[in-house]
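Residue numbers (the working numbering): 29 to 265.
Where is the CB? At the ideal position from N, CA and C, for every residue including glycine.
Notes follow the structure.
Spelled out as structure tokens, the structure:
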């Protein structure tokens, strides 16, 4: 049986659920069966967590900074409190069941905040160092900057590399990373690009969008999804 993968969604200004189809395609191509989880289904979180073999937390808008004890910065973008709530609750429930979790962009940030970490609301306003362009002006099928991979990590095992090239579509980034998470990848300007758990079989967050690069057969991106789906399949046996 193929593993069942829950994929989180967003809601636009017209109250319509939206999800980039690249997430769905990446899961299908890697061998999973996607289930779309709507914003607002907070009361059903435990049932979803039981049903799923793996959870994919997708990218999207900014996160409410009051969740990590801060007031909103001037450069904070649009937030969706209802989405924040269901994704944090889902993450916590799936984590308790020790099932695989993959967080992409915003999804990585949700993972970090759910475990007690925090983040930069806007890296360009809140960091003094000269930074790379982290919100690239080209399609997500293009890899625009490098990430240095920490050896001995899950990301290193997946990528089989010391350095990988990724795409980039964000202005926020995680700052303090709490246990049991560790940093497994950084951009050359120091921005955290990947985190993972050292106490769970597969809990990985990446700041870039591997679902976009998988469209052009990027080796590392496809291996991220393949490994995620394989670990989820083991849960479903």
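Secondary structure at residue 170: coil, using DSSP grouped into helix, strand and coil.
Closest option to residue 116, judged by alpha-carbon separation, among 260, 152, 77 and 41: 77.
Excluding its 5 nearest sequence neighbours in each direction, residue 120 has C-beta neighbours in its own chain below 8 angstroms: 142, listed in chain order. With a contact defined as Cβ atoms closer than 8 angstroms, residue 129 and residue 85 qualify at about 7 angstroms.
Residue 193: member of the beta strand (DSSP E) spanning 191-194, first to last residue. In terms of Cβ geometry, residue 238 and residue 225 do not form a close pair [threshold 8 angstroms].
Bridge partners of residue 222 according to DSSP: 213 and 234. The Cβ-Cβ distance between residue 111 and residue 146 does not fall below 8 angstroms. Secondary structure remark: continuous beta strand (DSSP E) runs of at least 3 residues inside the stretch 37-93, in chain order: 61-65 and 82-85.
Counting of Cβ neighbours within 10 angstroms places residue 29 among the exposed residues, the total staying below 16. DSSP places residue 245 in the coil class of the three-state scheme, outside both helix and strand.
Taking each of 155, 244, 186 and 262 in turn and checking the Cα distance to residue 53, the smallest one comes out for 244. Going by DSSP, residue 136 is part of the alpha helix (DSSP H) stretching over 134-142. A buried status is given to residue 187, since no fewer than 16 other beta-carbon atoms sit within 10 Å of its beta-carbon.
For residue 113, the enclosing alpha helix (DSSP H) begins and ends at 109-124. Distance from the CA of residue 103 to the CA of residue 56, rounded to the nearest whole angstrom, comes to 36 angstroms. At the C-beta level, residue 47 and residue 40 stay beyond 8 angstroms of one another. Separation of residue 93 and residue 137 (C-alpha to C-alpha, rounded to the nearest whole angstrom) is 11 angstroms. In this structure residue 127 is buried. Its beta-carbon is surrounded by 16 or more other beta-carbon atoms within 10 angstroms.
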